[in-house]
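Number of protein chains: 2
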Amino acid sequence: MGDVSIYDVAKVAGVHSSTVSRAFSRPEAVKPETRERILRIAGEMGYRVNSLGQALRRGSSNLVPLIVPDITNPFYGELAKSVAAAAGLRGYQVVLCLTEGDADETYRFLDAMSAHLSPFAIVAPSTRIDAGVLERTALARRTVIIDRVPQGLQVPTVFIDNRLGVKLALDHLLELGHRRIAYLTGTVGTYSAEVRVEAYRALVADHGIEPVVIRGGYSLAATERGAAEFLAIDPRPTAVIASNDLAAFGFISRLAEHGVRVPEDVSVTGFDGVPIGDNFNPGITTVAQPFDELGALAVAVAERFADDGSIVHEVLVPTLLVRRSTRRLL
Amino acid sequence: MGDVSIYDVAKVAGVHSSTVSRAFSRPEAVKPETRERILRIAGEMGYRVNSLGQALRRGSSNLVPLIVPDITNPFYGELAKSVAAAAGLRGYQVVLCLTEGDADETYRFLDAMSAHLSPFAIVAPSTRIDAGVLERTALARRTVIIDRVPQGLQVPTVFIDNRLGVKLALDHLLELGHRRIAYLTGTVGTYSAEVRVEAYRALVADHGIEPVVIRGGYSLAATERGAAEFLAIDPRPTAVIASNDLAAFGFISRLAEHGVRVPEDVSVTGFDGVPIGDNFNPGITTVAQPFDELGALAVAVAERFADDGSIVHEVLVPTLLVRRSTRRLL
DNA sequence: CACGGTGTTCCAATCGATTGCTGAATCGCG
DNA sequence: CGCGATTCAGCAATCGATTGGAACACCGTG
């Protein structure tokens, strides 16, 4: 089955192996009737090009590593889906690399995949990118980051306008009459996460509102702590902007266990806009990222970077998705 | 950086390239001091073995395709996580293949990955496996299925005891005093899904209970239809066994929008035991699959199958995870 | 008939690593 | 001191595909 090489096909077709190769990779360079015969025989013999031999010779494979901290987080799930779709369209295969939040793993994966001659890599970091280490990895000049990066780091990035996202959520809540609006953090230490809190602080100040930041997260312990922190605040906020959907889910769930209902008692907004938010109880009002665009741009930007070294920073615009977790303050 | 080959190292170290190769792949075959010098020089030069050359020569790569319908479904997310962990431990890299429910894609991915000389493949199907097509793919004799398969299909499998899972949920509800217990389906057409409904039908019959099957799903439309079907039933069931967590989430969410509360008005159990169920509102009582075991066994079984062709069927035992979505019938 | 031009195929080197075989050096032992 | 055994390293073929350049046939033209 998989053990037919161009040599085998060449022998049967009575031509040289290089002709078989060209029949596939440069069709116009071989006489139509010869080509057809080769293709037919190859088909009959069950020949399939060996990507390895091809990649070795060409010096570049079609394997694109997607490095994420945690695939069970729906945000990364959506990201993986869109990247895989965009990559597939261009003939790439996504190699899934899970770091579990260990930054060193990122660089290890990058090294491992450069040994597979990956043309480029896509990284959704869980922490701020370490410029020094990144420079040292083999794929350094061919990696795109799905996050903001510190000034001066020569790496293309793709991410949403976080400030606008927070503004969207805040304006929505303000319009509903809320004034005591708190912010719930997640656990990840990405640059984006920091940008979001800072945006919250700045925007809220513009309205003369005192910022209140609650530490949230995903684990049972973190969500419980978040709920406890919230319940201890006096006077209690009437609305909460969560840094991401997952944190909002856990927060709402813990609140419910304490008899605090959403949106009746508190309005809560999520962030990311993962589809599962539709199936949450209540449907979560959230700042939605354009995932399809995100994946497509990540691949396109990475391809360009690898190709001509051009470093661009694509900033996507989020939209507000109003569902049922927010309501007008009575 | 990535452009150092064994020849470069060999030249600097003053030895033959084959010695460099052996220094890495068969350390005992080269004199300790020679080996150390080679390793040191290789390190200084930033040499990294080129997996492609290696795989081409060996006739087998370390790339393991994991083929799943939808990575944003938390079940497959958990599966991917555990498979990636188990694979990583043995030096494999998981290649993520997303079929979006298109069965043909499965076979296409299998073919594509056999061109990468994958040692074996792991498939979580979205439909019943097509024996005929599977046989025809190159990786056929090296694929393990995460699901039940029809009798007579010569393929190793890893999956949980679905009947026991349903029994766990049913017994729990019976013990809580429920008698009108319905079943909510998902949308996927896997063998496991079928087995679960049938188990429900059979088990419920043992208790003289009339089976009621509601068609659920993940999409907004499907969850709404499920809720509508449920609300139309008279007399209304007091408990529902969902075929999977995601379906349960959407169902509960739509029910809430109709003023029906869980668990106050209906008890609902999920199936799969995805961690996000903890952050759902309310925390979902569910039949938990042992994910870590699942991933580890999938890799182990696939490895054995590829190695000596032995076909085993591992059946894992699920456990009941009691949270807050079920309560005693008053 | 000779010659330049065009179209098609072949030859052979190459990508990077592995491995059976061979030859050389070293060791143990009588 | 000499001989066989053992250890270690070099040689060269090989995995499968690609590609620059050579070779060949055939064309039309002068």
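Sequence order for the protein chains is W and U. The working numbering puts the first residue of the first sequence at 175, with every later residue one more than the last. The working numbering puts the first residue of the second sequence at 175, with every later residue one more than the last. Positions of the beta carbon are idealized from the N, C-alpha and C atoms, including for glycine.
Could you pull out every residue in the same chain whose Cβ sits closer than 7 Å to the Cβ of residue 423 of chain U, ignoring the five residues on either side in sequence?
454
Residues bridged to residue 487 of chain U [DSSP beta-bridge criterion]:
U/331
Considering only the alpha carbon of each residue, which of U/220, U/468 and U/492 lies closest to residue 444 of chain U?
U/492
Going by alpha carbons, who is nearest to residue 438 of chain W out of W/496, W/488 and W/500?
W/500
Please determine, among W/181, W/230, W/231 and W/239, the residue with the shortest C-alpha to C-alpha distance to residue 215 of chain W.
W/181
Using three-state DSSP, classify residue 443 of chain U as helix, strand or coil.
strand
Whole angstroms are fine: how far does the CA of residue 179 of chain U sit from the CA of residue 229 of chain W?
16 Å
Taking 8 Å as the cut-off, decide whether the C-beta atoms of residue 323 of chain W and residue 370 of chain W are in contact.
no
Any idea which residues DSSP pairs residue 450 of chain U with across the strands?
DSSP lists no partner for residue 450 of chain U.
What residues in the segment 405–427 of chain U have a beta carbon less than 7 Å from any beta carbon of chain W?
420, 423, 424, 426 and 427
Backbone CA spacing between residue 365 of chain U and residue 490 of chain U [nearest angstrom]
16 Å
What are the boundary residues of the alpha helix (DSSP H) that residue 374 of chain U is part of?
365–380
Close beta carbons around residue 247 of chain W, own chain, < 8 Å, minus the five adjacent residues each side:
392 and 420
Note down, in chain order, every chain W residue with its Cβ under 8 Å from the Cβ of residue 285 of chain U.
222
When you compare only the Cα positions, how much space is there between residue 411 of chain U and residue 463 of chain U?
26 Å
Residues of chain U with a CB under 9 Å from the CB of residue 456 of chain W: which are they?
427, 430, 431 and 455
Taking 8 Å as the CB-CB limit, is residue 290 of chain W close to chain U?
yes
Assigned secondary structure, residue 313 of chain W (DSSP; H/G/I helix, E/B strand, else coil)
coil
Measure the C-alpha to C-alpha separation of residue 202 of chain U and residue 427 of chain W and round it to an integer number of angstroms.
58 Å
What's the gap between the Cα of residue 468 of chain U and the Cα of residue 325 of chain U?
21 Å
Cβ neighbour criterion (16 or more within 10 Å) applied to residue 269 of chain U:
buried
Cβ of residue 266 of chain U less than 8 Å from any chain W Cβ?
no
Should the segment 371–388 of chain W be regarded as contacting the segment 351–358 of chain W, the criterion being three or more beta carbon pairs within less than 8 Å?
yes
Tell me which residue opens and which closes the beta strand (DSSP E) that residue 138 of chain W is part of.
With chain W running from 175 to 504 in the structure shown, residue 138 of chain W is simply not present.
Is the Cβ-Cβ distance between residue 529 of chain W and residue 332 of chain W less than 8 Å?
A question about residue 529 of chain W goes unanswered here, because the residues of chain W that appear run from 175 up to 504.
Does the distance from the CB of residue 459 of chain U to the CB of residue 496 of chain U come in under 8 Å?
yes
Contact between the segment 226–240 of chain W and the segment 268–283 of chain W: three or more CB pairs below 8 Å?
yes
Within the same chain, show all residues whose beta-carbon is closer than 6 Å to that of residue 335 of chain W, passing over the 5 residues directly before and after it, in chain order.
489 and 491
Nearest-angstrom Cα distance between residue 494 of chain U and residue 461 of chain U?
5 Å
Could you list the residues in the segment 249–279 of chain W with a C-beta less than 7 Å from some C-beta on chain U, going in chain order?
251, 252, 254, 255, 258, 267, 268, 269, 270 and 272
Excluding the 5 residues flanking residue 328 of chain U on each side, which residues of the same chain have their C-beta closer than 7 Å to its C-beta?
485
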